[in-house]
Amino acid sequence: MRFWFLIILFVSLPSFSKSLTVLHTNDLHSRFLGGTDYQEGGEFKKLGHYSKLSHLIKETKSKLKDQPSLLVDGGDFYSGSLFHILGPREKITFNPEIDFFLYNNYDATTLGNHEFDANEVGLSNMLSKLKKRKSTFRIVSTNAVISKKSKLYSFKEEVIVKSLVKTLKNDTKVGILGLLGPDGSRVSRSGRSELTFKGYNETKDKTNWDELIFELHREIKKLKKVGVDFIVLLMHGGAPEDIKIATNVDGIDLIVAGHTHEVYVRPIRVKDTYIVQAGSYAQFLGKVVLVKEKGKLTLGNEDFIQRVLPTTPSDPIFDKRVEKYLEKINELISGSGKVATDKIFTASESYSHSGEGSLLYGTKVVTAIRSNLNKSRKDKIDLYFSSKALVREGMLKNKSYNLLELFQILPIGMDANFNPGSPVVSFYLSKDEVMRLISFLELYSKFSPLFTPIYADNISFEVRNWGIPFINRVHSLKMNGIPFEKWPELIHVGTNSYVGSYLDKVGSMSYGLIEFIAKDRTGNPILEIPMSKFSEFHFFSRELEERGAL
């Protein structure tokens, strides 16, 4: 009798299950006014806008009622528009990017590579403002190693944490981890000196997956000890890095990816882990419902991605905040004699910053910079180059661009006073060093596409795919139509400070094969590369305004 009673009792008990709804964004990039333009019915339109995204978040949250839920971000919340010149400034009390998170009651984000575009000092100023707000919002970075010398050390374990445990409705306990992937670590080196990331060897420019996987296993073990029901990893890294982590690290239920700006229309499942990513520039809100029953993880929804459309209503309160930010931007740039909404240029052609045709577009952009730069100096720049990844927006034919929109083409970088745009730097190299530089960039970009170089159109060369690097792979190099053999011994080279900051790292990046010595016009080595008081964007926008075409 007792036996049958126990059987009946066991069968009648409800099966143990937990659910968790995760709303997620990534790669917001300070794009308060929205993302990429498109044309529909003769009109120029735009997806995204922080005010519209705020409305969508509130609307979605209101439907969750008593369900346990998280709102998280996958990093690169900073840098990409003129709005990003506000947060790092110590004397400005507000902090637009962080204000957006707090206004919408986000639970956490992680550090992306662009969080370091204002260097550790700028990020420290932003986090000081966050700390004063006494919020429960946290930046989770499991693989960050912060030196005591870093301006960010005072935020360790209080604002920047290795892991976070949240107890939600229905007594659902969630562990949150965060990491910057190896590629993001590689491309953020110029903005940080006293903070490193496990999984990437700075000195050798080499990924160390074993170190990163070990660190995650250790933190997952700690989270399981405190009895979390779900583990969510905020990973600023996309394919193939997110797949690599899901394949090699057990215990993660969900990876919120980023960095690659992709939209995963459906979550990707790898073993027992789901991976999601929601595009970029506040154009999408991701949603995934995780259901765990008897240890088995499944999905409880089908509507994974919501688009932030031109027809999406705005949040009127946040609209007023955006207006306040714009007023401050105009105040800061008033010395230029322009306001942010002034029309500067109308595009005569369409150009894409990615895919087919992007190299041609990049060439046109740096050619415009070199052209305007040389108008104002006696020592003309012979060779100007940059990275294709730093050209962040294309153009649409017949669209008129204002200062805000033009800046989004070249938004990366700022000077020591947090003025917008990456300052131009120039130096001299021997012509043989120039050949080695071009050979190195051509080869290195095959392993790290973010470093794909673009040159002003007075430079041309060909590549032998079967050739030997640094010997005969790059050939027929010409400058202004003049063959390499007839060049002067010293070549005046220009680039932006972001790219220039990597020159002293070429030795480690090439495993000691090559190094460059920056020189002055007389050929003497210089310890510090001189920096222009003007940015690439200054010369680019001025050239477009003067000639009316790209």
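Letter by letter, the sequence shown follows residues -17 to -1, 1 to 533 of mature numbering (1 follows the signal peptide of the UniProt record, and there is no 0).
Cβ atoms here follow ideal geometry from the backbone N, Cα and C, with glycine treated the same way.
Since the model is a prediction, treat every value here as computed from it, not as a measurement.
Paired residues, beta bridge with residue i - DSSP
i	result
residue 128	179
residue 20	29
residue 189	184
residue 80	DSSP, once it has assigned bridges, lists no residue as partnering residue 80.
residue 260	Partner(s): none; residue 260 has no beta bridge.
residue 346	Answer is none; residue 346 lacks a bridge partner.
residue 397	403
residue 222	According to DSSP, residue 222 bridges with nothing at all.
residue 385	326
residue 2	274
residue 368	438
residue 97	Per DSSP, none; premise fails for residue 97.
residue 289	268
residue 92	122
residue 281	274
residue 161	217
residue 476	366 and 410
Residue nearest to residue i in terms of C-alpha spacing, selected from the options
i	options	result
residue 212	191, 294 and 149	149
residue 279	234, 293, 412 and 370	234
residue 258	153, 224 and 45	224
residue 139	94, 215 and 194	94
residue 217	6, 315 and 504	6
residue 441	456, 352, 379 and 121	352
residue 498	413, 369, 320 and 381	413
residue 127	179, 417, 362 and 228	179
residue 381	26, 87, 308 and 119	26
residue 166	194, 467 and 433	433
residue 177	201, 137 and 516	137
residue -1	524, 153 and 519	153
residue 390	3, 4 and 19	19
residue 108	71, 521 and 453	71
residue 510	199, 21, 263 and 484	484
residue 400	97, 471 and 102	102
residue 294	155, 32, 13 and 14	32
residue 189	202, 172, 198 and 201	172
residue 221	204, 388 and 244	244
residue 40	4, 187 and 241	4
residue 505	202, 475 and 369	475
residue 252	273, 242, 263 and 241	273
residue 91	114, 119, 74 and 76	119
Boundaries of the alpha helix (DSSP H) in which residue i is found, first to last residue
i	result
residue 43	33 to 45
residue 411	No alpha helix (DSSP H) contains residue 411, which is instead part of the beta strand (DSSP E) from 406 to 413.
residue 321	Per DSSP, residue 321 belongs to no alpha helix (DSSP H) and is neither H nor E.
residue 108	102 to 115
residue 483	480 to 483
C-beta atoms of residue i and residue j nearer than 8 Å
i	j	result
residue 437	residue 346	yes
residue 261	residue 8	yes
residue 157	residue 104	no
residue 526	residue 354	yes
residue 268	residue 36	yes
residue 89	residue 56	yes
residue 459	residue 445	yes
residue 123	residue 159	yes
residue 541	residue 66	Limits of the chain in this structure are -17 at one end and 533 at the other, which puts residue 541 out of reach.
residue 473	residue 516	no
residue 133	residue 62	no
residue 407	residue 522	yes
residue 283	residue 2	yes
residue 312	residue 330	no
residue 219	residue 96	yes
residue 375	residue 364	no
residue 256	residue 369	no
Span of the beta strand (DSSP E), counted from its first residue to its last, around residue i
i	result
residue 523	Taken as a continuous stretch (DSSP letters only), residue 523 belongs to no beta strand (DSSP E), being part of the alpha helix (DSSP H) at 519 to 530.
residue 276	267 to 276
residue 448	That residue, residue 448, is in no beta strand (DSSP E); it is neither H nor E in DSSP.
residue 166	From DSSP, residue 166 is part of no beta strand (DSSP E) but of the alpha helix (DSSP H) over 165 to 169.
residue 461	457 to 462
residue 150	146 to 150
residue 56	52 to 56
residue 253	251 to 253
residue 237	237 to 239
Cβ-Cβ separation, residue j to residue i (assumed contact under 8 Å), whole Å
i	j	result
residue 11	residue 265	5 Å
residue 254	residue 230	7 Å
residue 112	residue 87	At roughly 17 Å, the Cβ-Cβ gap does not stay under 8 Å, so residue 112 and residue 87 are not in contact.
residue 405	residue 481	5 Å
residue 518	residue 403	7 Å
residue 106	residue 135	6 Å
residue 325	residue 386	5 Å
Residue-chain proximity (residue i, chain D), Cβ-Cβ < 8 Å
i	result
residue 338	Checking the listed chains, one finds no chain D in this structure; it contains a single protein chain.
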